[in-house]
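A.B. asks: Provided herewith is a single structure, encoded as structure tokens, for subsequent inquiry.
Residue numbers (my numbering): 11 to 219.
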């Protein structure tokens with residue numbers, strides 16, 4: 011009876027091994043997540059009024075932080091900041107664990123790709139913030155078939171809206187008729203969306219993802 015009892019206990023222990031390993035891995039992940047959040051709060055150059063929403067660890071151990079205003083990632087010893095109003099779109103490749111951010115304005119990389127070893131909830135937070143920043147993304151006609159794409163983004167931490175106009179190549183942005191048509195279209199879009207005038211970007215040819 012004693013031998014059979016010992017054998018039964020050994021079989022039960024073998025069944026518990028996968029569960030215990032899962033619990034251990036879960037605890038280690040929680041500890042690493044908490045440590046990453048603490049490190050982001052201590053070292054990321056957050057601005058007054060910013061709140062940390064999510065963190066992730068890159069494939070090389072670098073830290074990535076998402077706040078209510080921007081995304082921060084480590085580039086060597088320095089931090090790179092991307093405001094949500096500066097990003098056209100966010101894509102998450104679950105299989106490759108690549109977070110891709112498409113730049114919207116001059117001075118921001120056309121595409122930033124971050125390989126995340128531990129993404130946690132950062133991809134979802136980044137997508138939600140970019141969606142929040144979008145106010146207008148619409149094409150308008152200014153001269154027959156030619157026109158422009160008008161984009162408006164909320165500026166995180168400020169009451170204003172950033173406007174960006176991307177003209178078709180065949181249009182001259184300084185043409186008085188084009189300018190007048192643009193101003194009328196912008197006034198109509200602002201009335202329809204309720205977006206404030208805020209800071210209006212100078213019309214120019216730009217890029218979109």
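Glycine included, C-beta positions come from ideal geometry on N, C-alpha and C.
The structure displayed is predicted, hence computed values, not measured ones.
Assign residue 96 to one of two classes, buried (16 or more other C-beta atoms within 10 Å of its C-beta) or exposed (fewer than that).
C.D. replies: Sequence index remark: in the chain shown, residue 96 carries index 86 (1-based). It is buried - the Cβ of residue 96 has at least 16 other Cβ atoms within 10 Å.
A.B. asks: Do the stretch 187 to 202 and the stretch 140 to 155 meet, that is, are 3 or more Cβ pairs less than 8 Å apart?
C.D. replies: At 8 Å Cβ cutoff, the stretches touch.
A.B. asks: What's the call for residue 121, buried or exposed, on a 16-neighbour Cβ count within 10 Å?
C.D. replies: Within the chain shown, residue 121 is the residue found at index 111, counting from 1. Exposed, since its Cβ has fewer than 16 Cβ neighbours within 10 Å.
A.B. asks: Touching or not, the stretch 179 to 198 and the stretch 154 to 168, by the rule of three or more beta carbon pairs under 8 Å?
C.D. replies: The stretch 179 to 198 is in contact with the stretch 154 to 168.
A.B. asks: Just curious, the beta strand (DSSP E) that residue 89 is in, first and last residue?
C.D. replies: As a first step, residue 89 must be located in the chain shown, where it is residue number 79. It spans 88 to 93 - the beta strand (DSSP E) in which residue 89 sits, taken as one unbroken run.
A.B. asks: What three-state label does DSSP hand residue 204 in the structure shown?
C.D. replies: On the chain shown, residue 204 is found 194 positions in, with the first residue counted as 1. Here residue 204 sits in coil by DSSP.
A.B. asks: Assuming residue 93 and residue 166 are in contact, meaning their beta carbons sit under 8 Å apart, how far apart are those beta carbons, in whole angstroms?
C.D. replies: Locating residue 93 in the chain shown gives position 83, where the first residue counts as 1. Locating residue 166 in the chain shown gives position 156, where the first residue counts as 1. With a Cβ gap of about 6 Å, residue 93 and residue 166 count as contacting.
A.B. asks: Provide the residue(s) that pair with residue 102 in DSSP beta bridges, ordered along the chain.
C.D. replies: Here residue 102 refers to the residue found at position 92 of the chain shown. 109.
A.B. asks: Taking only three categories from DSSP, how would you classify residue 120?
C.D. replies: Taking the first residue of the chain shown as position 1, residue 120 is located at position 110. Correct three-state label for residue 120: coil.
A.B. asks: Count the other C-beta atoms from every protein chain shown that fall within 10 angstroms of the C-beta of residue 168, then say buried if there are 16 or more, exposed otherwise.
C.D. replies: Position 158 of the chain shown, counted from the first residue, corresponds to residue 168. Exposed: under 16 other Cβ atoms inside 10 Å.
A.B. asks: Where residue 90 and residue 43 are concerned, what is the direct C-alpha to C-alpha distance, given to the nearest angstrom?
C.D. replies: Numbered from its first residue, the chain shown carries residue 90 at position 80. Numbered from its first residue, the chain shown carries residue 43 at position 33. Distance between the alpha carbons of residue 90 and residue 43 is about 21 Å.
A.B. asks: Give me the Cα-Cα distance between residue 59 and residue 162, rounded to the nearest whole angstrom.
C.D. replies: The count along the chain shown starts at 1 and reaches residue 59 at position 49. The count along the chain shown starts at 1 and reaches residue 162 at position 152. Looking at the two C-alpha atoms, the distance is approximately 23 Å.
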